[in-house]
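Input: a single structure, listed below in structure tokens.
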Amino acid sequence: MATGWSERDRAREHELLAELAATPPDDPRRATLRDELVTMNLPLVEHLARRFRDRGEAHEDLVQVGTVGLIKAVDRFDTDRGVEFSTYATPTIVGEIKRHFRDRGWAVRVPRRLQELRINLARATSELSQESGRAPTVAELAKHLNISEDEVLEGLESAQAYATSSLDAGSQDGDEAISLGSTMGDEDEALEGVDNRESLKPLLAALPERERRILLLRFFQNKTQSEIAEELGISQMHVSRLLARTLETLRAGMLDDY
Amino acid sequence: MPDEVAAASGPGSAPVELTFPASSEYLALARAATQATCARLNFTIDQLEDVTLAIDEAAALLIGDAVPGTEIACKWYTTATDLTITVTSVSTAGRPPRTTTFSWTVLSALVDRADALFDDGRVTVRLGVRRQQIGTVS
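Protein sequences, first through last, are from chains P and F.
Using the working numbering, you'd call the opening residue of the first sequence number 1 and step up by one each time.
Using the working numbering, you'd call the opening residue of the second sequence number 259 and step up by one each time.
Spelled out as structure tokens, the structure:
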């Protein structure tokens, strides 16, 4: 992917790669050559990371792991192979991004059957909640959808595991349309009495608005997941997943929280 | 109440137990066991997901301070009125987790009762959830 690259850029890349290949491993100049190669190929990483948008991971995170792949590609590239560097680097970068999803327990492709199961579960949960004024049980969902309880559990688990796709696709616009306003005031009040709030604040500030809102509604205003789902116009499963992910992010950022 | 639930909730029913290495990559096992247990107890989806988040949080909390190479032990106790889950680790902390942290705020909000014990190098977080009698729909 050399779109936007001039002949001069391409020539410079060849020059750098040749120079890198000719530089002994312990030569300090390697780092400079490597940096320039990585920097000039960052648009390739950006481009590849965008292919994985809507899978529930922040674009910046994907660029970051993709860059790791790029660095590996720079280190391993063999100029004698006669292929363009971008051709060589692309599978390495994509591989690194996919590995990231896998490490997080998220498969990149969601089996069709599970996608449908999740959609049906989300719909049934909403219907049954409206009927009875409370969230349904697994048994009720199974009966309603005429499937086994194990299948319901499998669907719930996959909703948790797969960070993405058709289930939420329809709500994407709605999500952004919600005007959430500033929650900073609520936050200060909510965190009173939490003794590690100072390390928490920057982490909360870095959360997407909707995630922060869900966190506050659930933990400080004591709303149920179903109530939050209704308030934000998304599915209960989606709320649950966002909460799980937000808590994981906060845990990772607050290692002293014991 | 379905027969199987009634049977499981009788006094003295043995707990479900799960032991896994103190590493976050095993959290999915604890989550799956919690979901299955909650489903069997006829919890609503809201409760089920909350308790699952709670076990995740509790286990992650303990994993953070576990002696490397040790295990996390989870037990799910069911009675006619309650589900109690204990999560135990071999801890480097020498004390139970503080209850004034954000993590603890989260735990307390997700379950009806949360407490922590420290004994002989081991920390146990205990989570209690009341089983609510819910009416049937449809």
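For every residue, glycine included, the Cβ atom is placed at its ideal position computed from N, Cα and C.
| Item | Value |
| --- | --- |
| Among F:Thr342, F:Pro273 and F:Asp304, nearest to alanine 372 (chain F) - alpha-carbon criterion | F:Thr342 |
| Selection of the segment 361–372 of chain F by Cβ proximity to chain P, strictly under 7 angstroms | Ser361, Thr363, Val364 and Ala367 |
| 9 angstroms Cβ cutoff, leucine 141 (chain P) in contact with chain F | yes |
| Residue interval of the alpha helix (DSSP H) (run including leucine 207 (chain P)) | That residue, leucine 207 (chain P), is in no alpha helix (DSSP H); it is neither H nor E in DSSP. |
| In chain order, each alpha helix (DSSP H) run of at least 4 residues that lies wholly inside the segment 43–125 of chain P | 59–76 and 85–103 |
| Touch test, the segment 268–288 of chain F against the segment 319–332 of chain F, Cβ-Cβ under 8 angstroms, three pairs minimum | yes |
| At least three beta-carbon pairs within less than 8 angstroms, the segment 345–365 of chain F to the segment 311–319 of chain F | yes |
| Three-state secondary structure (DSSP) of lysine 223 (chain P) | coil |
| Element boundaries [beta strand (DSSP E), containing tryptophan 5 (chain P)] | Counting along the chain, tryptophan 5 (chain P) falls outside any beta strand (DSSP E), and DSSP gives it neither H nor E. |
| Beta-carbon proximity check, isoleucine 97 (chain P) vs glycine 56 (chain P), cutoff 9 angstroms | no |
| Endpoints, the beta strand (DSSP E) within which glutamate 275 (chain F) is located | 274–279 |
| Arginine 251 (chain P) versus P:Glu227, P:Ile228 and P:Arg197, residue with shortest Cα-Cα distance | P:Arg197 |
| Contact belief for alanine 139 (chain P) with methionine 237 (chain P) at Cβ below 8 angstroms, rounded distance in angstroms | No, alanine 139 (chain P) and methionine 237 (chain P) are not in contact; Cβ-Cβ is about 17 angstroms, not under 8 angstroms. |
| For alanine 332 (chain F), the residue or residues it bridges with in DSSP | The question names alanine, yet the displayed sequence has cysteine at residue 332 (chain F). Per DSSP, F:Leu276 and F:Val345. |
| Own chain residues within Cβ distance below 7 angstroms of phenylalanine 85 (chain P), not counting five before or after | Glu13, Leu17 and Phe77 |
| Reduced DSSP secondary structure (H/G/I, E/B, other) of leucine 375 (chain F) | strand |
| Minimum Cβ-Cβ distance from threonine 125 (chain P) to chain F less than 9 angstroms | yes |
| DSSP state of arginine 353 (chain F) mapped onto helix, strand, coil | coil |
| Residue-level contact to chain F via CB, phenylalanine 220 (chain P), 9 angstroms cutoff | yes |
| Which listed residue (F:Ser366, F:Arg289 and F:Gly379) has its alpha carbon closest to that of glycine 352 (chain F) | F:Gly379 |
| Buried or exposed by the 16-neighbour rule on C-beta atoms within 10 Å, applied to histidine 59 (chain P) | exposed |
| Rounded distance between the beta-carbons of leucine 247 (chain P) and isoleucine 214 (chain P), thought under 8 angstroms | In fact, because the Cβ distance is near 11 angstroms, the residues do not count as touching under 8 angstroms. |
| Buried or exposed (CB count within 10 angstroms, at least 16 for buried), glutamate 283 (chain F) | exposed |
| Glycine 174 (chain P) versus threonine 382 (chain F): straight-line alpha-carbon distance, rounded | Unreliable placement is indicated for glycine 174 (chain P), whose pLDDT of 38 sits below 50; the coordinate value is still reported in the next sentence. So the alpha carbons of these two residues sit roughly 42 angstroms apart. |
| 9 angstroms Cβ cutoff, proline 279 (chain F) in contact with chain P | no |
| Inter-residue spacing [alpha-carbon to alpha-carbon] between arginine 389 (chain F) and threonine 339 (chain F) | 5 angstroms |
| Status (buried if at least 16 other CB within 10 Å, exposed otherwise) for glycine 133 (chain P) | exposed |
| For arginine 50 (chain P) and leucine 42 (chain P), the rounded distance between their alpha carbons | 12 angstroms |
| Close Cβ partners of serine 271 (chain F) (< 7 angstroms) along its chain, the five nearest in sequence each way excluded | Thr336 |
| Own chain residues within Cβ distance below 6 angstroms of lysine 72 (chain P), not counting five before or after | Thr92 |
| Enclosing beta strand (DSSP E) for arginine 384 (chain F) [first to last residue] | 380–388 |
| Distance CB(alanine 280 (chain F))-CB(valine 364 (chain F)) smaller than 9 angstroms | no |
| Boundaries (first-last residue) of the alpha helix (DSSP H) holding glycine 253 (chain P) | 236–253 |
| Residue burial classification, asparagine 232 (chain F) (beta-carbon count within 10 angstroms, cutoff 16) | Outside the displayed span of chain F (259 to 396) sits residue 232 (chain F), for which this structure offers no information. |
| Residues near valine 152 (chain P) in its chain [Cβ-Cβ closer than 7 angstroms; skip 5 each side] | Leu121, Val138, Leu141 and Ala142 |
| Backbone CA spacing between threonine 23 (chain P) and valine 83 (chain P) [nearest angstrom] | 20 angstroms |
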